[in-house]
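Residues 1 to 259 (UniProt numbering) make up the sequence shown, in order. First comes the structure, then the notes that go with it.
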Amino acid sequence: MSDWLHNLSVPWMAIVVFGFTYFLAMLVFMAVAALSTKARTASFKSISAGLLPVLGVIFGLFVAFTAAQVWSASEHAATAVSREASALRAVILLAGGLPPEQEARLRSLVHDHVEEAVAVEWPMMARQKASLKAAPAALTEALRLVISMPVQSPGQQTAQREIITALDTALDARRQRLILSQSEVNSIKWWCLYIQAVCELLAIALIHCDNRLGSAIAMGLFATGVATSALLIAAHDRPFTGQISIAPTPLLQIMPDKG
C-alpha cells in the first residue's frame, strides 16, 4: 500500500478506505442491477444462499491471517525498542563503576546514539529507508572504548563484562527494529483480500437481485465490515509509520545528559 495512505491521520485514512470500499460495493450493485433483466433474474436467484457464509468465512480467514502478521510485527518492533532502551539503561548504570572520565565518555556516547536514533533513524524507518549497512557510530565507539579499557579492580572487570553484554544487546535490538521497519502487508495480500470481498458483495447482489433495497442494505453492511477490517490493518501495517506507530519514547526516557 502506498506511502501517502500510511502517512495519513486515522480519520483521513478512514475516509479513504471507507470511500474506496463503498465505491466498489456501489459498482457491484449497479452492475448487477443493470444485468438483472427478467430473463436473468431467475438464473441469478438460483444461486444458493448457502454460498454467502462460505465466502464470508474465507474472507474472515484472509483478515485473520493478515492481521496476525501485522500484530506480530508491531509487537516484535515494540519489544525491540524496549530491549534497546533497557540495555542502554544498563550501560548507563554500570558505567558508574568505571573511572569518572570513562563514565562521562560512555554516557556521552549513549546520549549521541539516542539522539541519532530519534532524529535520523526514526524518520528513515517511517519511510522504510533505514539500512543495516552502516553501523551505529556511537555504539560502535562505545564498544571499542569498553573493550580497550584497562581494568584496575575485580569490580571494574565485572562492570566491563556486563557493559559489553548490554551493548551487544542494544546493537541486536537496533538491528531488529531496523529489520521490522521494513515489514508491511504486501500488495498481493491486499488484492486477495479485496477480491474476496468483491466476490461476497457480488454473491449478495445476485441472490437479492429482485429486492434492490434489501440488497443495498446487505451490501452496505458487509462493505462496512470490510472497510473496518481494512482500516484496522492499514493503520497498524507499518510499525514505525503513521499516526499509530511506535515512538522512541523508551529511548528518550533513558537518554542521559550530555557529559
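Built from N, CA and C at the ideal position, the CB exists for glycine as well.
Item to check | Whole-Å CB distance - residue 135 paired with residue 110, under 8 Å assumed | outcome: That belief does not hold up - the Cβ atoms of residue 135 and residue 110 are roughly 16 Å apart, past 8 Å.
Next on the checklist: If distances are taken between C-alpha atoms only, which option among 189, 178, 177 and 99 comes closest to residue 152?
Outcome noted: Relative to residue 152, the option among 189, 178, 177 and 99 whose CA is nearest is 99.
Item to check | Nearest-angstrom Cβ-Cβ length linking residue 13 and residue 235, presumed shorter than 8 Å | outcome: Confirmed, Cβ separation roughly 6 Å.
Item to check | Integer Cβ distance of residue 227 from residue 17, believed to fall under 8 Å | outcome: That pair is a contact at about 5 Å.
Checklist entry - When the Cα of residue 34 is compared with those of 206, 232 and 233, which residue comes out closest? => result Of the candidates 206, 232 and 233, the one whose C-alpha sits nearest the C-alpha of residue 34 is 206.
Next on the checklist: Check whether the segment 244–255 and the segment 110–120 touch, using three or more Cβ-Cβ pairs below 8 Å as the test.
Outcome noted: A contact exists between the segment 244–255 and the segment 110–120.
Checklist entry - Using 8 Å as the Cβ pair cut-off and three pairs as the minimum, do the segment 74–93 and the segment 164–178 touch? => result Yes: at least three Cβ pairs fall under 8 Å.
Checklist entry - By a C-beta neighbour count over all protein chains shown, 10 Å radius and 16 as the cutoff for buried, is residue 66 buried or exposed? => result Per the 10 Å Cβ criterion, buried.
Next on the checklist: I need the boundaries of the alpha helix (DSSP H) containing residue 149, first residue and last residue.
Outcome noted: For residue 149, no alpha helix (DSSP H) encloses it, and the DSSP letter there is neither H nor E.
Item to check | Contacts around residue 181, its chain only, beta-carbon distance under 7 Å, and the 5 residues preceding and following it disregarded | outcome: Excluding sequence positions up to five before and after residue 181, its CB lies within less than 7 Å of the CB of 125, 128, 130, 239 and 240, all in the same chain and listed in chain order.
Checklist entry - Taking one C-beta from the segment 90–106 and one from the segment 164–171 each time, how about it: are there three or more such pairs within less than 8 Å? => result Between the segment 90–106 and the segment 164–171, the count of Cβ pairs shorter than 8 Å is three or higher; the stretches touch.
Checklist entry - Where does residue 76 fall in DSSP's three states? => result In this structure, residue 76 counts as helix in the three-state DSSP scheme.
Checklist entry - For residue 24, which residues from the same chain have a beta carbon less than 8 Å from its beta carbon, with the 5 sequence-adjacent residues on both sides left out? => result These residues qualify, in order along the chain: 194, 197, 198, 201 and 223.
Next on the checklist: Within a Cβ cutoff of 7 Å, which residues of the same chain sit near residue 218, ignoring the five residues on either side of it in sequence?
Outcome noted: So the qualifying residues of the chain are 204 and 208.
Item to check | Cβ-based burial, residue 215 [other Cβ within 10 Å; buried from 16] | outcome: With 16 or more other Cβ atoms within 10 Å, it is buried.
Item to check | Limits of the alpha helix (DSSP H) - the one that residue 103 falls within | outcome: Segment 100–116, the alpha helix (DSSP H) holding residue 103.
Next on the checklist: What does the Cβ neighbour count give for residue 132, buried or exposed, with the cut at 16 atoms within 10 Å?
Outcome noted: Residue 132 is exposed by the Cβ-count criterion.
Checklist entry - Looking at C-alpha atoms only, which residue of 250, 213 and 106 is the closest neighbour of residue 164? => result Checked all of 250, 213 and 106; the closest Cα to residue 164 is 106.
Next on the checklist: Please report the distance separating the alpha-carbon of residue 104 from that of residue 87.
Outcome noted: About 18 Å.
Checklist entry - Near residue 78, what residues of its chain come up, given a Cβ to Cβ distance below 6 Å and the 5 sequence neighbours on each side ignored? => result The beta carbon of residue 78 lies closer than 6 Å to those of 246 in the same chain, with the five residues before and after it left out.
Checklist entry - At which residues does the alpha helix (DSSP H) containing residue 239 begin and terminate? => result First-last for residue 239: undefined, no H or E at that position.
Checklist entry - Which residues bound the alpha helix (DSSP H) around residue 196? => result Where residue 196 is concerned, the enclosing alpha helix (DSSP H) stretches over 187–207.
Next on the checklist: Quick check on DSSP: helix, strand or coil for residue 141?
Outcome noted: Look at residue 141 here: in three-state DSSP terms it is helix.
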